[in-house]
Amino acid sequence: MRIKKNIIKKTFFRSLIFVMGLILALGAVGNTAQAAVSTTNNDKHFMVYYRAWRDKTMQGVNTSLPDENWITMSDIPYGIDIVNVFSYVPKGQEAQAKPFYDALKNKYAPELHARGARLVRGIDYGELLKIKYAGDFPTDEEFDAYAKQMIAEFVDSIGIDGLDIDMETKPSADDIKISDGVIKALSKYLGPKSGTNRPFLYDTNGSNLAPFENVSDSFDFLAYQQYGSDNVRTAKAVNDYSGVLAANKFVPGLTFPEEQDPVNRWYDATEPYLNSNFYKVANYADQNNLGGMFIYALDRDGRSYETADWLHIKPSNLIWTKTAIMQSGGETVANAKEYADHFWNRVKFTANTKDDITAQIMNSKTIYDVNKVILGKDYGQGISSTYDPILEKGLLSIKDAELISQLNTADKYLEHSKDYDSTKIAELKTVRDNVAKNFAGKTYTQVQIDSWASQLATANNGLLGYSETKTKGVVDTKSAADLNKSYVELYDINGKTVSNRGLQPKTAWSFDRKLTNNKSGKVYYRVATNEYVSANDVNVRNGNSVGNLTNIEKINGVVSIDKSQAGYSLYKQDGSLVGNRALAGGTDWLVSAKASNANGDVFYKVATNEWLMSGNGVSFK
């Protein structure tokens with residue numbers, strides 16, 4: 123089907139092939155251990171061919187090389203929406219291959235299904251011609267029965283979803299009539315016409331339209347093998363198929379060098395990146411709205427035909443695949459920088475380098491160059507060989523500022539460890555190192571991030587003799603007269619005044635932590651990340667809300683705010699305080715409604731779900 127070589131031969135067509143779509147759901151990360159991430163572009167495909175005999179669980183099968191296999195299906199990058207897993211198992215090696223199929227069923231498939239995967243078995247075009255019929259030509263009933271038989275044999279028997287038809291021959295006109303009938307019968311149960319979401323694919327290495335043109339609408343997309351070729355061939359093939367296939371269903375593919383290949387020499391992934399077939403085809407696929415892109419021999423990413431590579435199995439950082447996923451899917455250099463910098467900012471706490479990685483990321487000119495800063499040119503040469511840009515994209519929505527702040531605080535304490543109790547320093551280092559290791563892991567959830575931040579905050583505070591309580595509420599800063607100063611000071615976790623920042627008198631602020639000095643008994647409330655206000659400068663409300671606003675009445679007018687206060691608090695309709703927002707004194711605001719609470723306080727609506735309390739310098743006219 124793919125690269126013809128002596129170890130595969132025609133027996134490949136009877137081998138087991140799966141196609142697994144890694145369709146990653148958009149959305150916020152939930153409470154499971156797996157972060158929810160999105161694909162590069164939901165309208166485009168990226169397919170990889172996964173050689174099962176190179177999986178760790180299929181060691182010594184279909185090979186004469188003694189090297190250990192290094193890859194598993196868990197290493198497949200995010201952003202890939204089709205994974206074609208196939209294997210040729212020579213007679214007598216079935217027992218050696220069994221662990222892979224056990225892992226596929228019990229580990230790999232569940233992992234991929236959790237990402238929304240669909241599975242398809244690849245079969246040779248010749249299988250379509252094996253239909254048995256009584257007359258001169260199959261009847262509709264015979265076509266339908268054979269389609270059901272094929273699905274039962276090739277799909278349902280192994281618990282997968284659909285089929286992939288591999289076309290690399292030139293059938294006769296009579297054969298095409300037969301295959302058309304079988305494909306049309308299959309399309310009732312698989313593919314876009316079936317309404318079942320069970321995939322039906324067609325892949326080929328040429329532009330022989332005859333076996334395809336009458337049934338093109340039966341397939342989800344066509345995968346076009348153009349190994350060793352650039353976008354010029356892509357454009358020609360797209361044009362060849364233009365009369366029977368929309369461009370957004372055309373998926374061109376390239377390859378990496380296979381080990382011990384005695385014939386083929388495909389140089390698709392070679393530096394400089396902008397001159398490579400990988401860049402040219404991926405960029406063309408993106409710019410011309412093709413259906414995506416695919417690559418063959420994922421585990422050979424970055425390998426060459428040099429003896430050291432050609433005669434050995436070596437691990438890969440998959441940099442070319444990860445870059446092509448982004449390039450063909452419409453990601454920009456700016457996107458690549460954002461993902462890489464996010465990754466660096468969480469792994470730097472475990473990294474052993476003094477290089478300015480952020481500067482290297484920001485100075486990169488291509489997506490490949492950005493990824494290379496983190497991954498390195500080859501396995502083991504960068505910050506991380508497992509960095510996954512699209513997985514990182516899915517982690518951006520998780521709020522980690524508090525955790526990063528706590529890690530930075532811990533590092534400052536550890537840098538001056540001689541100033542603190544040695545036992546507590548040792549305890550802090552243990553917690554810090556464990557949290558940093560977890561934070562640098564493959565993925566995490568918001569719940570985990572919050573838990574790690576809390577653990578480290580407790581350790582940091584314990585070093586200083588503080589105890590921290592998680593509690594939410596609202597504090598009102600005292601008046602300038604009561605404070606005997608024009609603003610309320612803010613303090614950091616060390617009790618030091620935060621320079622150039624403060625709170626206006628007589629303003630309300632939400633807090634989420636209460637910090638108590640175990641020696642002095644002084645109390646502080648956290649109103650922002652690493653910013654605390656002293657209990658001496660505020661009044662704590664009895665409750666977090668002024669109560670639900672009811673008796674809502676539409677009115678038109680203007681509310682005026684005098685300058686007796688620097689800022690005036692805003693409330694939501696449920697009575698809760700609107701975050702860190704307030705209206706400036708000496709301003710006027712249009713009013714669209716008024717309401718009241720159980721205490722009889724009147725409120726004026728000045729924006730969507732933002733209400734201003736009357737009185738205390740607020741007047742309506």
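Going by my numbering, the sequence shown wraps up at 743, each residue one higher than the last.
For glycine and all other residues, C-beta sits at the position ideal for the given N, C-alpha and C.
These numbers come from a predicted model, not from an experiment.
Practice prompt. Using a threshold of 8 Å, state whether the C-beta atoms of residue 583 and residue 637 are closer than that.
Written response: yes
Worksheet entry | Boundaries (first-last residue) of the alpha helix (DSSP H) holding residue 554 | 544-561
Worksheet entry | Any chain C beta carbon closer than 8 Å to residue 545 | The structure shown has no chain C; it contains just one protein chain.
Worksheet item: Are at least three pairs of beta-carbons, each pair with one atom in the region 584-591 and one in the region 538-556, less than 8 Å apart?
Response: yes
Worksheet item: Which value, in whole angstroms, describes the spacing of the CA atoms of residue 440 and residue 421?
Response: 8 Å
Worksheet item: Where do the ends of the beta strand (DSSP E) carrying residue 170 lie?
Response: 167-173
Worksheet item: Got a sec, what are the start and stop residues for the beta strand (DSSP E) residue 442 sits in?
Response: Note, residue 442: premise wrong, no beta strand (DSSP E); alpha helix (DSSP H) at 441-450.
Worksheet item: What separation, rounded to the nearest whole angstrom, lies between the Cα atoms of residue 654 and residue 523?
Response: 16 Å
Discussion item. For a test of the three-state rule: what should DSSP assign to residue 206, helix, strand or coil?
Written reply: strand
Worksheet item: Would you call the CB atoms of residue 380 and residue 326 closer than 8 Å?
Response: no
Item to complete: Out of 445, 269, 734 and 401, point me to the one whose CA is closest to residue 316's CA.
Response: 269
Discussion item. I'd like the list of long-range same chain contacts for residue 494, defined as Cβ closer than 8 Å, with 5 residues on each side in sequence excluded.
Written reply: 441, 486 and 504
Worksheet item: Where DSSP assigns a beta bridge to residue 693, which residues make up the other side?
Response: 699 and 733
Discussion item. Please give me, in chain order, every unbroken run of the beta strand (DSSP E) with length at least 3 that falls completely inside the region 329-409.
Written reply: 344-347 and 372-377
Worksheet item: Grouping DSSP H, G and I as helix and E and B as strand, with all else coil, what is residue 722?
Response: coil
Discussion item. Once the 5 residues before and after residue 723 are set aside, which same chain residues still bring their CB inside 8 Å of it?
Written reply: 668, 735, 736 and 737
Worksheet entry | Residues bridged to residue 717 [DSSP beta-bridge criterion] | 725
Discussion item. I'd like to know if the region 678-685 and the region 704-716 are in contact, where contact means that at least 3 CB-CB pairs between them fall below 8 Å.
Written reply: yes
Discussion item. In this structure, how does DSSP classify residue 572 when only helix, strand and coil are distinguished?
Written reply: helix
Practice prompt. Check each candidate in 739, 240, 168 and 740 and name the one with the smallest Cα separation from residue 452.
Written response: 168
Worksheet entry | Residue interval of the alpha helix (DSSP H) (run including residue 323) | No alpha helix (DSSP H) contains residue 323, which is instead part of the beta strand (DSSP E) from 322-326.
Fill in: Cβ-based burial, residue 348 [other Cβ within 10 Å; buried from 16]
buried
Practice prompt. State the start and end residues of the unbroken alpha helix (DSSP H) segment that holds residue 492.
Written response: 489-497
Discussion item. Going by C-alpha to C-alpha distance, which of 395, 376, 394 and 397 sits closest to residue 387?
Written reply: 376
Discussion item. Assuming contact is defined by CB atoms lying nearer than 8 Å, are residue 333 and residue 298 in contact in what I supplied?
Written reply: yes
Worksheet item: What is the DSSP secondary structure of residue 591, counted as helix, strand or coil?
Response: strand
Discussion item. Classify residue 589: buried if its beta carbon has 16 or more other beta carbons within 10 angstroms, exposed otherwise.
Written reply: exposed
Fill in: Identity of the residues DSSP links to residue 635 by a beta bridge
592 and 648
Practice prompt. Tell me whether residue 385 is buried or exposed, calling it buried when 16 or more other Cβ atoms sit within 10 Å of its Cβ.
Written response: exposed
Worksheet item: What is the rounded straight-line gap between the Cα of residue 482 and the Cα of residue 391?
Response: 23 Å
Worksheet item: If you follow the beta strand (DSSP E) that residue 622 is part of, which residue opens it and which one closes it?
Response: 619-625
Discussion item. Classify residue 740: buried if its beta carbon has 16 or more other beta carbons within 10 angstroms, exposed otherwise.
Written reply: buried
Fill in: Exposure label - residue 242; buried when at least 16 CB within 10 Å
buried
Discussion item. Please classify residue 728 as buried or exposed, where buried requires at least 16 neighbouring CB atoms within 10 angstroms.
Written reply: buried
Item to complete: Note the first and the last residue of the continuous alpha helix (DSSP H) segment covering residue 612.
Response: Note, residue 612: premise wrong, no alpha helix (DSSP H); beta strand (DSSP E) at 610-613.
Discussion item. In the DSSP output, what is residue 710 paired with across the bridge?
Written reply: 682
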